[in-house]
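For the working numbering, count along the sequence shown from 1 and bump the result up by 28.
Beta carbons: idealized from backbone N, C-alpha and C, even for Gly.
Encoded as structure tokens, the structure appears first; notes follow it.
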Amino acid sequence: MSIISACPGVQEVARYLLHRLAPEETAQLTEHLTSCPKCFAAVQSLRGRSGFAASRPASAAPASFCDSPTRIGGALAPVEKAVEARSETMPQQEDKPASVMRPAPAHGLPPKEYAYLGPPQGADEIGRLGTYRILRALGAGGMGVVFAAEDLQLKRGVALKVMKPDYGANDEARQRFLREARAAAAIDHDHIVTIYQVGEDRGLPYLAMQLLQGESLAERLGREKQLPIPEVLRIGRQIAEGLAAAHERGVIHRDIKPGNIWLEGERGRVKILDFGLARAADDVNLTRTGTVMGTPEYMSPEQARGKGVDARSDLFSMGCVLYDMCAGQAPFHANESLAVLLA
29 MSIISACPGV
39 QEVARYLLHR
49 LAPEETAQLT
59 EHLTSCPKCF
69 AAVQSLRGRS
79 GFAASRPASA
89 APASFCDSPT
99 RIGGALAPVE
109 KAVEARSETM
119 PQQEDKPASV
129 MRPAPAHGLP
139 PKEYAYLGPP
149 QGADEIGRLG
159 TYRILRALGA
169 GGMGVVFAAE
179 DLQLKRGVAL
189 KVMKPDYGAN
199 DEARQRFLRE
209 ARAAAAIDHD
219 HIVTIYQVGE
229 DRGLPYLAMQ
239 LLQGESLAER
249 LGREKQLPIP
259 EVLRIGRQIA
269 EGLAAAHERG
279 VIHRDIKPGN
289 IWLEGERGRV
299 KILDFGLARA
309 ADDVNLTRTG
319 TVMGTPEYMS
329 PEQARGKGVD
339 ARSDLFSMGC
349 VLYDMCAGQA
359 PFHANESLAV
369 LLA
């Protein structure tokens, strides 16, 4: 019988939330979660990840893999009570004055997602950051927001990725964000998005990158579902060429999925995006064994277990993307992230 480690891997957490651990393992992990805010937050996030961001609906999960949301939520009830009791004894921070709110642009991003920007100086912008005019938001992810911006010095359009303030206050998260910029900027390849500059303003790190036209592979699959085999081979070859260039420099992407594959212009030339989860293959300090990052549908088994990964993990994820393009769905799919991870 396995014993839960100090900081559990994602599969132990999945079995915990689905009530599949032995009583002594459940008690041990419950005790750990009440005293480790980082693990507790990660478990809460995992519990809330029902379904996936892909536009295509996931197939129903096999009964042997999924339990009801009531059971999943119930697993954390004693932990939540303990955390609430502990938080009552901690000093509360005073509310800070709200930032000046600007009207949300047409993309619908909530104003709080960009309230940290400097005030706009023109009618066609929503704010300023460093030497960039922020024109509109292109999207928001877990750690950052991507804006369409203009470089005031070079007078060119860029995509500006800015770390959210909540993460910017975390030193480890800031290092990971900077790792993304350095890893991607060090790779000069036609199938990897170009990084122009890395900077910091108002305490927030940002990176300016190539502003691409086209659509993501996820968007195309949402429209076409399955692609012709010649197109699958073309896209797959270009993904592999980009990954080979990264792997030659010791960089592992760790989150290859359709949403991170951009099809540029009318010809749909591949550009690999978002090295936010990338790290140097020999870096043992920033991303430690036991820390799980990635997207469940395309995650390699060793990554799902929180083990160390290398270039082979990216190739497994690429294989899942190839399967998706051919079959119209990922090889591992379910209504709950937990079910995918256990699969």
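Buried or exposed by the 16-neighbour rule on C-beta atoms within 10 Å, applied to Gly-334: In the sequence shown, counting from the first residue as 1, residue 334 sits at position 306. With 16 or more other Cβ atoms within 10 Å, it is buried.
7 Å CB neighbourhood of Ile-223 in its chain, flanking five on each side removed: The sequence position of residue 223 within the sequence shown is 195, counting from 1. Answer for Ile-223: Ala-209, Ala-212, Ala-213, Leu-235 and Met-237, listed in chain order.
Start and end residues, alpha helix (DSSP H) containing Met-175: Locating residue 175 in the sequence shown gives position 147, where the first residue counts as 1. The amino acid occupying residue 175 in the given sequence is Phe; Met does not appear at that position. Here Phe-175 belongs to no alpha helix (DSSP H); instead the beta strand (DSSP E) covers 172-179.
Rounded separation between Leu-232 and Lys-192 - CA only: Indexing the sequence shown from 1 puts residue 232 at position 204. Indexing the sequence shown from 1 puts residue 192 at position 164. The straight-line gap from Cα to Cα measures roughly 7 Å.
Reduced DSSP category for Pro-372 - H, G, I as helix; E, B as strand; rest coil: This structure gives no information on residue 372, because the portion of the chain shown stretches from 29 to 371.
Contact the segment 287-305 vs the segment 264-277: 3+ CB pairs below 8 Å: yes
Outcome for Ala-358 when other beta-carbon atoms lying within 10 angstroms are tallied against a minimum of 16: As a working mapping, residue 358 is identified with position 330 in the sequence shown. Looking at its Cβ environment, which holds 16 or more other Cβ atoms inside 10 Å, Ala-358 is buried.
Ala-274 - partner residues in DSSP beta bridges: The residue labelled residue 274 in the question sits at position 246 within the sequence shown. According to DSSP, which records beta bridges pairwise, Ala-274 is partnered with nothing at all.
Best match in Ile-162, Ala-168, Val-173 and Lys-189 for proximity to Leu-180 [C-alpha to C-alpha]: Here the question's residue 180 lines up with position 152 in the sequence shown. It is Ile-162.
Pair within 8 Å by beta-carbon distance, Gly-227 and Gly-158: Here residue 227 refers to the residue found at position 199 when the sequence shown is read from its first residue. Here residue 158 refers to the residue found at position 130 when the sequence shown is read from its first residue. It is a contact, given that the beta carbons lie within the stated cut-off.
First through last residue of the alpha helix (DSSP H) which encompasses Gly-250: What you label residue 250 is simply residue 222 of the sequence shown in a count that begins at 1. Looking at the DSSP string, the run of the alpha helix (DSSP H) that includes Gly-250 is 245-252.
Cβ neighbours of Met-353 in the same chain (closer than 6 Å, five flanking residues each side left out): Translated into positions along the sequence shown, residue 353 becomes position 325. Same-chain partners within the cutoff: Leu-255 and Val-260.
Straight-line gap, Glu-294 to Gly-242 (C-alpha atoms, nearest Å): Locating residue 294 in the sequence shown gives position 266, where the first residue counts as 1. Locating residue 242 in the sequence shown gives position 214, where the first residue counts as 1. About 7 Å.
Where the beta strand (DSSP E) containing Val-160 begins and where it ends: Translated into positions along the sequence shown, residue 160 becomes position 132. The sequence shown places Tyr at residue 160, rather than the Val named in the question. Its beta strand (DSSP E) spans residues 160-168.
Any non-hydrogen atom of the ligand GDP closer than 7 Å to Leu-157 Cβ: Questions concerning the ligand GDP fall outside what the structure shown contains, since it holds no ligand whatsoever.
Neighbourhood of Gly-356 by C-beta, 8 Å cutoff - its chain only, sequence neighbours within 5 removed: By one-based count along the sequence shown, residue 356 stands at place 328. Result list for Gly-356: Arg-84, Leu-249, Lys-253 and Gln-254, in chain order.
Among Gly-278, Gly-150, Phe-303 and Ala-176, nearest to Ile-289 - alpha-carbon criterion: Your numbering for residue 289 matches position 261 in the sequence shown. Ile-289 has its Cα closest to that of Phe-303, out of Gly-278, Gly-150, Phe-303 and Ala-176.
Closest Cα partner of Ala-177 within the set Gly-287, Tyr-44, Ile-154 and Arg-207: Looking up residue 177 in the sequence shown gives position 149. Per the Cα distances, Ile-154.
Among Ala-246, Leu-239, Met-327 and Leu-166, the one whose alpha carbon lies nearest that of Val-186: As a working mapping, residue 186 is identified with position 158 in the sequence shown. Val-186 has its Cα closest to that of Leu-239, out of Ala-246, Leu-239, Met-327 and Leu-166.
CB of Ser-244 within 8 Å of CB of Gly-287, strictly: Locating residue 244 in the sequence shown gives position 216, counting from the first residue. Locating residue 287 in the sequence shown gives position 259, counting from the first residue. Result yes, Cβ atoms of Ser-244 and Gly-287 sit closer than 8 Å.
Where Tyr-224 sits in the DSSP three-state scheme: If you number the sequence shown from 1, residue 224 lands on position 196. Strand.
Coil, strand or helix - Ile-215 by DSSP: Taking the first residue of the sequence shown as position 1, residue 215 is located at position 187. If DSSP states are grouped into helix, strand and coil, Ile-215 belongs with coil.
Contact check, Leu-49 vs Leu-57, beta carbons under 8 Å: As a working note, residue 49 is residue 21 in the sequence shown. As a working note, residue 57 is residue 29 in the sequence shown. For Leu-49 and Leu-57, yes; Cβs fall inside 8 Å.
Extent of the continuous beta strand (DSSP E) to which Glu-292 belongs: Against the sequence shown, residue 292 aligns to sequence position 264. Start and end: 289-292.
Simplified DSSP assignment, three categories, for Leu-240: Walking along the sequence shown from the start, residue 240 turns up at place 212. In the structure shown, Leu-240 sits in coil (DSSP, three-state: anything other than H, G, I, E or B).
Pairwise C-alpha distance: Gly-264 and Arg-340: Here residue 340 is taken as the residue at index 312 of the sequence shown, counted from 1. Here residue 264 is taken as the residue at index 236 of the sequence shown, counted from 1. About 15 Å.
Element boundaries [beta strand (DSSP E), containing Ala-187]: The sequence position of residue 187 within the sequence shown is 159, counting from 1. Run containing Ala-187: 184-191, per the beta strand (DSSP E) assignment.
Gly-264 - DSSP class collapsed to helix/strand/coil: For the purposes of this step, residue 264 is identified with residue 236 of the sequence shown, where counting begins at 1. The answer is helix: DSSP assigns Gly-264 an H, G or I state.
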